[in-house]
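Chemist:
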Amino acid sequence: NAGVTQTPKFQVLKTGQSMTLQCAQDMNHNSMYWYRQDPGMGLRLIYYSASEGTTDKGEVPNGYNVSRLNKREFSLRLESAAPSQTSVYFCASSDESSGANVLTFGAGSRLTVL
Amino acid sequence: GESVGLHLPTLSVQEGDNSIINCAYSNSASDYFIWYKQESGKGPQFIIDIRSNMDKRQGQRVTVLLNKTVKHLSLQIAATQPGDSAVYFCAENGRGGYQKVTFGIGTKLQVIP
Chain A
1 NAGVTQTPKF
11 QVLKTGQSMT
21 LQCAQDMNHN
31 SMYWYRQDPG
41 MGLRLIYYSA
51 SEGTTDKGEV
61 PNGYNVSRLN
71 KREFSLRLES
81 AAPSQTSVYF
91 CASSDESSGA
101 NVLTFGAGSR
111 LTVL
Chain B
1001 GESVGLHLPT
1011 LSVQEGDNSI
1021 INCAYSNSAS
1031 DYFIWYKQES
1041 GKGPQFIIDI
1051 RSNMDKRQGQ
1061 RVTVLLNKTV
1071 KHLSLQIAAT
1081 QPGDSAVYFC
1091 AENGRGGYQK
1101 VTFGIGTKLQ
1111 VIP
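From first to last, the protein sequence lines stand for chains A and B. Position 57 (the first sequence) corresponds to 57 in our numbering; numbering is contiguous. Position in the second sequence (from 1) plus 1000 gives the number in our numbering.
Written out as structure tokens, the structure reads:
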């Protein structure tokens, strides 16, 4: 059982380039999330998807787009990368059937924008 | 404004001693709290959770205490081991909908052998 899988693990971009971070989960979870983690700021929610076909903005959505391709996959796209988007990105999923929102995270994708 | 934060950014503990990591929250409407552990190079991992109708919850070597009067949350780790070295986050769930889990900035726990 792989859990949440993110690709790539590392990426270096030049300012203005575009790229997509891929995420897949095999736990049949309804909800999926993208967070970014920066030193001293904890984890901040970029976008989330409560179910297949729906997406909503989180705390820091500017400069990003997402696609919930199906129940398993949730991708994050940077259309025109900026140095401020240098960060570690985490995908997560959750199952709220118990009434509790416990997140299962991927291993992270470290992105550097030059 | 509303926030979830930690009192101590770094905590050094001797192996075998007990560790206490603290967290303050400001939203009295929060009804669910979670502790996550993040080891270097990995994503955060669920440790233990507690609902607002509880004061204490115990797991394996970990205990979470909730004091709603002063809006304070703590994670106690018994007999701290080198494998406990990590960054610990408290997270608040409930503000803005259940999907929006808000994390504190984290406390780094260093275990001294």
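Even for Gly, the Cβ is constructed at its ideal location relative to N, Cα and C. This one's a predicted model, so the numbers in the text were calculated from it and none came from an experiment.
#1: Hey, how far is the Cα of A/N62 from the Cα of A/F74?
#2: Going by C-alpha distance, which of A/Q6, A/T5, A/L43 is nearest B/F1089?
#3: Note down, in chain order, all residues in the segment 24-42 of chain A with a beta-carbon under 7 Å from any beta-carbon belonging to chain B.
#4: Helix, strand or coil for B/L1006? Go by DSSP, reduced to three states.
#5: Hey, out of B/Q1110, B/L1065, B/I1077, whose CA is closest to B/A1024's CA?
#6: Would you grab the beta carbon distance between B/A1086 and B/K1037 for me? Rounded to a whole angstrom, and I think it's under 8 Å.
#7: Going by beta carbon distance, what residues of the same chain come within less than 8 Å of A/R72, once the five residues before and after it are set aside?
#8: So, with DSSP's three-state summary, where would you put A/E96?
#9: Given a cut-off of 8 Å on the beta-carbon distance, is the pair A/M19 and A/A82 in contact?
#10: Between which residues of its own chain and A/T86 is the CB-CB distance below 8 Å, once the five residues before and five after are set aside?
#11: Tell me the DSSP secondary structure of A/D56 in three-state form.
#12: Roughly how many whole angstroms lie between the Cα atoms of B/N1022 and B/S1030?
#13: Check whether the Cβ atoms of A/R77 and A/V60 lie closer than 8 Å to each other.
#14: For a contact meaning CB atoms closer than 7 Å, what does A/F90 contact in chain B?
#15: Considering only residues of the same chain and omitting the five flanking positions on each side of B/H1007, which have a CB-CB separation below 7 Å?
#16: Of the choices B/K1071, B/V1070, B/I1047, whose alpha-carbon is the least far from that of B/R1061?
#17: According to DSSP, what are the bridge partners of A/Y117?
#18: Whole angstroms are fine: how far does the CA of B/Y1032 sit from the CA of B/T1102?
#19: Are the C-beta atoms of B/F1089 and some chain A residue less than 8 Å apart?
#20: For the beta strand (DSSP E) that contains B/Y954, what are its first and last residues?
Modeler: Once the coordinates are examined:
#1: 17 Å
#2: A/L43
#3: S31, G40, M41, G42
#4: Note that B/L1006 scores 44 on pLDDT, short of 50, meaning its location in the model is unreliable; the coordinates nonetheless yield the value given after this. The answer is coil: DSSP assigns B/L1006 none of H, G, I, E or B.
#5: B/L1065
#6: 5 Å
#7: A24, Q25, D26
#8: coil
#9: no
#10: L111, T112, V113
#11: strand
#12: 17 Å
#13: no
#14: G1043
#15: Note that B/H1007 scores 46 on pLDDT, short of 50, meaning its location in the model is unreliable and no value can be drawn from it.
#16: B/I1047
#17: No statement about residue 117 of chain A is possible, as the shown extent of chain A runs from 1 to 114 and does not include it.
#18: 11 Å
#19: yes
#20: This structure gives no information on residue 954 of chain B, because the portion of chain B shown stretches from 1001 to 1113.
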